[in-house]
Amino acid sequence: LVSSKMYTDAQTLGQNAIFTVNGTTITSASNTITSDISRIEGVTLNLKGVSNTEDGSSTLSVEQDTTKLVEAVNEFIDAYNAVMSNLSEVTASGGDLHGESTLTSIRNSIRSYANGSNATNGGIYTLLSQIGISTAEADGNNLSTDTDTLSLDEDKFLEALQENPDSVASILAGENGILTHIENTVEQALSATTGYFDVKSSSLDNQISRQEDKISDEKSDIETYRARLENQFYQMEMAIAQMQQNYSSFLS
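This is the structure we're talking about:
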């Protein structure tokens, strides 16, 4: 080792971010500010630099993204309309499940929840029509109303959502909300063992089993009857042959 030399470069230590939210000064070791630090619920701030305004302030506007919510409501409406159309078709006169009173009752319950008043959801809205979800209305060109088909007035829905989002959430998906009641009705119908479809399936399986047993018994009875007829026919042929033999002996 002939010689050695230590090289040092100037280093600058990182500084904490200092910012103010509604008059409250906040310090953070990171430029990514989550809601637990800023106390702005549901918002994450990414600090990029010092503000260029004279007073150093920035205005943050937080708006609700309604696109996904409108899509979800339309998906529910499409699913509801498809289910109601199918139930009405299969339970109508001539349908495969005509006369199934329990299935008809399930359909009527779902329709009643969608069209009826709900005053126990905790919000200011008691009808889906108040937030833009309604059935067809009679007018000069359409004198009949279709209570099985829902449609969405998007403008009315967004207006209700802006005026009182909590009440929109309450009537749709609150503890006593309309969608909650519909979901409970469907889940009860689909419940294993005690649900309509499981009970009906078991009942049909039992009926099929009884019919198969009956057919098997009928086949057995038919085979026994057939054997008896064949035996009687054989005995009759033997009797005829004996008579012919006796007649021939008599003539001779």
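Numbered per this note's numbering, the sequence shown finishes at 258, counting up by one with no gaps. The C-beta atom is built at its ideal place from N, Cα and C for all residues, glycine as well. Nothing here was measured: the structure is a model prediction, and the numbers come from that model.
Tell me which residues share the same chain as residue i and place their Cβ nearer than 7 Å to its Cβ, disregarding the 5 neighbours each side in the sequence.
{"i": "Ile112", "result": "Thr191, Ala195, Tyr202"}
{"i": "Phe25", "result": "Ile32, Leu53"}
{"i": "Ser176", "result": "Asn127, Gly128, Gly129, Gly183"}
{"i": "Val49", "result": "Ser41, Val68"}
Determine, using beta carbons only, whether residue i and residue j come nearer to each other than 8 Å.
{"i": "Asn137", "j": "Ile83", "result": "Checking the sequence, you will find Ile at residue 137 rather than Asn. No."}
{"i": "Glu160", "j": "Val76", "result": "yes"}
{"i": "Thr33", "j": "Asn22", "result": "yes"}
{"i": "Asn37", "j": "Asn58", "result": "no"}
{"i": "Leu134", "j": "Leu109", "result": "no"}
{"i": "Ser215", "j": "Asp204", "result": "no"}
Please classify residue i as buried or exposed, where buried requires at least 16 neighbouring CB atoms within 10 angstroms.
{"i": "Asn127", "result": "buried"}
{"i": "Ala247", "result": "exposed"}
{"i": "Gly146", "result": "The predicted position of Gly146 is uncertain, since its pLDDT is 46 and thus under 50; a value taken from the coordinates is nonetheless stated next. Exposed: under 16 other Cβ atoms inside 10 Å."}
{"i": "Val68", "result": "exposed"}
{"i": "Ser173", "result": "buried"}
{"i": "Thr200", "result": "exposed"}
{"i": "Asp154", "result": "buried"}
{"i": "Thr30", "result": "exposed"}
{"i": "Ile116", "result": "buried"}
{"i": "Val79", "result": "buried"}
Quick one: does residue i have its CB under 8 Å from some CB of chain C?
{"i": "Asn182", "result": "The question asks about chain C, but that chain is absent: this structure has only one protein chain."}
Can you determine whether any heavy atom of the ligand ATP sits closer than 7 Å to the C-beta of residue i, and answer yes or no?
{"i": "Tyr231", "result": "Because no ligand of any kind appears in the structure shown, any question about the ligand ATP cannot be addressed here."}
Rounded C-beta distance between residue i and residue j? I'm assuming under 8 Å.
{"i": "Leu158", "j": "Thr141", "result": "Going by Cβ atoms, the distance from Leu158 to Thr141 rounds to 11 Å, so no, they are not a contact pair."}
{"i": "Thr72", "j": "Leu178", "result": "About 14 Å; that fails the 8 Å criterion."}
{"i": "Ile184", "j": "Asn87", "result": "That belief does not hold up - the Cβ atoms of Ile184 and Asn87 are roughly 15 Å apart, past 8 Å."}
{"i": "Tyr119", "j": "His187", "result": "5 Å"}
Excluding the 5 residues flanking residue i on each side, which residues of the same chain have their C-beta closer than 6 Å to its C-beta?
{"i": "Asn182", "result": "Thr126, Asn127"}
{"i": "Lys162", "result": "Gly138"}
Short of 8 Å in beta carbon distance, which residues of its chain neighbour residue i, apart from the five on each side in sequence? Order them along the chain.
{"i": "Gly180", "result": "Asn127, Gly128, Gly129, Thr186"}
{"i": "Met249", "result": "none"}
{"i": "Asp102", "result": "Val96"}
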